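In my numbering, the protein residues as written are 3 to 199.
To start, the structure itself, in structure tokens.
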């Protein structure tokens, strides 16, 4: 079994970054590198050392539509746990001067489908729907559950975007929680988020 670093890049693990979806198990097994130390020459070269010293960036992505408050809370609690873990690792490196080989940077994105509806007051104006309002309420509840004390995050930064809008929170561990709100009047309905972004 080849040895590889945890969270290794696709290029380090596989010969070809693509796979055959019809035979996924066989494709991944046959495409696995035999010896990942001999990639791009000598592992001791300055180029390889620079490549190995980079910080891993984790982007947690969640899609939501008409989830219940409980489903939203479960997803957000996972995000807040990662924020807590990343903050502890950052503080250990910064204040205790410890080098953590598993250190990572973290950012969470929630991609919210069909997030707007017509206003009751003015039928032409679009406002966020009840599911987005529910998510905004659940953010503080999830943070409080994870930290086991009352937590109130600052109100999110509201940004207008070509696809609708964006809400950006700074979590207790100083990582970002970004909620992308898709407006079907600006982006064709049933358009996938991968096509929007």
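Glycine residues also receive a C-beta, built at the ideal position from the N, C-alpha and C atoms.
Because the structure is a prediction, the values reported are computed rather than measured.
Please classify residue 165: is it buried, with 16 or more other beta-carbons within 10 angstroms of its beta-carbon, or exposed? With 16 or more Cβ atoms within 10 Å of its Cβ, residue 165 is classed as buried.
Segment contact, 8 Å Cβ cut-off, at least three pairs: the segment 133-149 with the segment 113-120: With a cut-off of 8 Å, the segment 113-120 and the segment 133-149 count as touching, because enough Cβ pairs lie within range.
Limits of the beta strand (DSSP E) - the one that residue 179 falls within: Counted as a single uninterrupted DSSP element, the beta strand (DSSP E) harbouring residue 179 occupies residues 178-184.
With DSSP run on the structure shown, which of helix, strand or coil describes residue 138? Secondary structure of residue 138 (DSSP, three-state): helix.
DSSP-derived helix/strand/coil call for residue 163: Three-state DSSP puts residue 163 in a strand.
Same chain, Cβ closer than 8 Å to residue 102, neighbours up to 5 away in sequence not counted: So the list reads 91, 94, 95, once near-sequence residues are dropped.
How is residue 113 classed by DSSP in three states: helix, strand or coil? If DSSP states are grouped into helix, strand and coil, residue 113 belongs with the strands.
Can you name, in chain order, every residue of its own chain whose Cβ lies under 6 Å from the Cβ of residue 50, other than the five neighbours on each side? In this prediction, residue 50 has a pLDDT of 48, which is less than 50 and means its spatial position is unreliable; what the coordinates show is noted afterwards. Counting only Cβ-Cβ distances below 6 Å, and skipping sequence neighbours, we find nothing.
In this structure, does DSSP put residue 12 in helix, strand or coil? Helix, per DSSP.
Of the listed residues 145, 104, 120, 175, nearest to residue 56 (C-alpha basis): Of all alpha-carbon atoms in 145, 104, 120, 175, the one lying nearest the alpha-carbon of residue 56 is that of 104.
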